[in-house]
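**Student:**
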Amino acid sequence: MIEARDVSVAIGKKRIVANVDFEVRPGEISAIVGPNGSGKTTFLKAMSGDLVHTGRILINGRELSTMKPVEAATVRAVLPQATTLSFPFTVREIVRLGLVGGRSGVLQGEDERLPERALARVDLDGFAGRFYQELSGGEQQRVQLARVLCQVWAPVLDGMPRYLFLDEPVSSLDIKHQLIIMNIARDFTRRGGGVVAILHDLNLTAMFADRI
């Protein structure tokens, strides 16, 4: 389980997140909803270890502040709201980044096939050789999801649950692909992992979230 206790985040002199308690349980999708500018992304960044905060955040009982980046990468994968790339990477090269520093959890020797498997899951079969910059916004978003799936392909590793942090994962997608992505999140929880997602679509939230 991920536990946030009395978490606050300030940027400069402005407090963006104040005294928040939150839990992400294995087997559940925990949704964060709220108006723009309410601090949802800031809080998610604090929970993932990307922003300085006060209060406590524990992942599977361990203080996040004591974990090295490579250790955190083993137990959680983060899909940011937007990703900008300046260099001409292929889709496969982007997805393979999820294998760097993490432990996918697949059998030894299967990592090389994992990018294609992840792309197929997000309905991008056959896209591996294309250049990332040539894709639509929705296709790029799904490539990034394939990357984080590679990082924590096995929702449970060494007996410990792992987690997906998803910041507006369906914001650029049509209805078909919104459902595909949310069903991927649901499958991840059914196999023992936990998901925290920032969502704006209240219908999708009602359909898929276990906790709001």
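So the sequence shown is numbered by the numbering used here: it starts at 321 and just counts up by one. Virtual Cβ for every residue (Gly too), placed ideally from N, Cα, C. Being a predicted model, the structure only gives us computed values, none of them experimental.
(1) At what residue ranges does the region 355 to 382 contain a whole run of the alpha helix (DSSP H), taking only runs of 4 or more?
(2) Quick check on this structure: which residue in Ser368, Thr509 and Lys360 has the alpha carbon closest to the alpha carbon of His520?
(3) Using 8 Å as the Cβ pair cut-off and three pairs as the minimum, do the region 445 to 457 and the region 366 to 381 touch?
(4) Buried or exposed: where does Val442 fall if 16 or more other Cβ atoms within 10 Å of its Cβ makes it buried?
(5) Return the residue from the list Ala505, Pro481, Gly512 and Ser492 that minimises the CA-CA distance to Thr394.
(6) I'd like the span of the alpha helix (DSSP H) that includes Glu391, first residue to last.
(7) Closest to Val398 by CA distance: which of Pro435, Phe528, Asn356 and Ile518 is it?
(8) Which ranges does the alpha helix (DSSP H) cover as unbroken runs of at least 4 residues, wholly within the region 487 to 520, from first to last along the chain?
(9) Rounding to the nearest angstrom, what Cα-Cα distance links Gly515 and Leu486 in this structure?
(10) For Ser491 and Lys388, what's the separation of their Cα atoms in angstroms?
(11) Whole angstroms is fine: what's the gap from Ala402's alpha carbon to Gly479's?
(12) Identify whether Thr410 lies in helix, strand or coil by the three-state DSSP scheme.
(13) I need the straight-line Cα distance from Tyr483 to Arg510, nearest angstrom please.
(14) With distance defined between alpha-carbon atoms, name the residue in Gln461, Arg467 and Ser350 nearest to Glu323.
(15) Note down, in chain order, each residue of its chain lying with its Cβ closer than 6 Å to the Cβ of Val463, except the 5 sequence neighbours on either side.
(16) How is Glu343 classed by DSSP in three states: helix, strand or coil?
(17) Between which two residues does the alpha helix (DSSP H) harbouring Glu459 extend?
**Tutor:** Result, derived from the coordinates:
(1) Listed in chain order, the complete alpha helix (DSSP H) runs (minimum 4 residues) inside the region 355 to 382 are 360 to 368.
(2) For this step, residue 520 is matched to residue 200 along the sequence shown. Of the candidates Ser368, Thr509 and Lys360, the residue whose Cα lies closest to the Cα of His520 is Lys360.
(3) These segments do not touch.
(4) The residue given as residue 442 occupies position 122 in the sequence shown. The residue in question, Val442, is buried, as its Cβ has 16 or more Cβ neighbours within 10 Å.
(5) Numbered from 1 along the sequence shown, position 74 holds the residue referred to as residue 394. Distance from the Cα of Thr394 is smallest, within the candidate group Ala505, Pro481, Gly512 and Ser492, for Pro481.
(6) Along the sequence shown, read from residue 1 onward, the residue named residue 391 stands at position 71. That run of the alpha helix (DSSP H) goes Pro389 to Val395.
(7) Position 78 of the sequence shown, counted from the first residue, corresponds to residue 398. Taking Val398 as reference, the option from Pro435, Phe528, Asn356 and Ile518 with the minimal CA-CA separation is Ile518.
(8) Listed in chain order, the complete alpha helix (DSSP H) runs (minimum 4 residues) inside the region 487 to 520 are 495 to 510.
(9) Along the sequence shown, read from residue 1 onward, the residue named residue 515 stands at position 195. Along the sequence shown, read from residue 1 onward, the residue named residue 486 stands at position 166. Looking at the sequence shown, residue 515 is not Gly but Val. Cα to Cα, Val515 sits roughly 8 Å from Leu486.
(10) Within the sequence shown, residue 491 is the residue found at index 171, counting from 1. Within the sequence shown, residue 388 is the residue found at index 68, counting from 1. So the two alpha carbons sit approximately 31 Å from each other.
(11) Counting from one through the sequence shown, the residue named residue 402 turns up at place 82. Counting from one through the sequence shown, the residue named residue 479 turns up at place 159. If I take the Cα positions, the gap works out to 32 Å.
(12) As a working note, residue 410 is residue 90 in the sequence shown. The answer is strand: DSSP assigns Thr410 an E or B state.
(13) Your numbering for residue 483 matches position 163 in the sequence shown. Your numbering for residue 510 matches position 190 in the sequence shown. Looking at the two C-alpha atoms, the distance is approximately 12 Å.
(14) As a working note, residue 323 is residue 3 in the sequence shown. Per the Cα distances, Ser350.
(15) Here the question's residue 463 lines up with position 143 in the sequence shown. Val411 and Ile414.
(16) Against the sequence shown, residue 343 aligns to sequence position 23. Strand at Glu343.
(17) Numbered from its first residue, the sequence shown carries residue 459 at position 139. Its alpha helix (DSSP H) spans residues Gly457 to Gln471.
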